[in-house]
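*Asks:* Just so we're aligned: the sequence shown equals residues 24 to 127 in our numbering. Pasting in a structure now, in structure tokens, and then I'll have a few things to ask.
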Amino acid sequence: MSWVVLVLSGVLEAVWATALDKSQGFSRFWPSAIFVTALVASMAGLAFAMRELPLGTSYAVWVGIGATLTVVYAMATGAESVSLLKILFLAMIVGGVIGLKSLH
């Protein structure tokens with residue numbers, strides 16, 4: 024159960040990071056509201072997962088999922104350029120996350 028919550032929390036990290044960008048410095052209501060909601064839920068999920076999983080593993084997985092999904096979303100929407108090297112490095116992050124899961 025902790026792993027499922029941790030993965031969902033990582034997804035929510037990408038949501039709040041994207042919403043933070045779209046809030047334009049908290050000047051837009053709905054992106055700001057989504058940011059706060061996703062941030063609280065993401066942190067709560069991380070805290071829940073850390074009751075059973077080690078701190079380092081939990082945090083690395085959470086950040087890895089969030090960072091990867093944030094970049095993939097930005098590339099998919101055209102906000103960030105796509106390159107073979109970016110895709111390779113994102114795949115390395117995903118590989119690291121999978122490796123951490125398999126070691127636990």
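We treat Cβ as the ideally placed atom computed from N, Cα and C, and that holds for glycine.
I'd like the span of the alpha helix (DSSP H) that includes Leu31, first residue to last.
*Replies:* Start and end: 25-45.
*Asks:* So is Phe58 buried or exposed if we call it buried at 16+ other beta carbons inside 10 Å?
*Replies:* Buried, since its Cβ has 16 or more Cβ neighbours within 10 Å.
*Asks:* Rounded to a whole number of angstroms, what is the C-alpha to C-alpha distance between Leu108 and Val30?
*Replies:* For Leu108 and Val30, the distance between alpha carbons rounds to 25 Å.
*Asks:* Give me the Cα-Cα distance between Ala61 and Trp53, rounded to the nearest whole angstrom.
*Replies:* Cα to Cα, the separation comes out at about 12 Å.
*Asks:* Can you tell me the Cα-Cα spacing of Ile11 and Ala40, whole angstroms?
*Replies:* The requested residue 11 is not part of the displayed model; the chain covers only 24 to 127.
*Asks:* I need the boundaries of the alpha helix (DSSP H) containing Pro54, first residue and last residue.
*Replies:* Looking at the DSSP string, the run of the alpha helix (DSSP H) that includes Pro54 is 52-72.
*Asks:* Indicate whether at least one CB of chain E lies closer than 8 Å to the CB of Thr100.
*Replies:* Note that chain E does not occur in the displayed structure, where there is just one protein chain.
*Asks:* Considering only their Cβ atoms, is the gap separating Leu69 from Trp85 smaller than 8 Å?
*Replies:* The answer is yes: Cβ separation under 8 Å.
*Asks:* May I have the straight-line CA-CA distance separating Gly79 from Leu113, to the nearest angstrom?
*Replies:* Looking at the two C-alpha atoms, the distance is approximately 20 Å.
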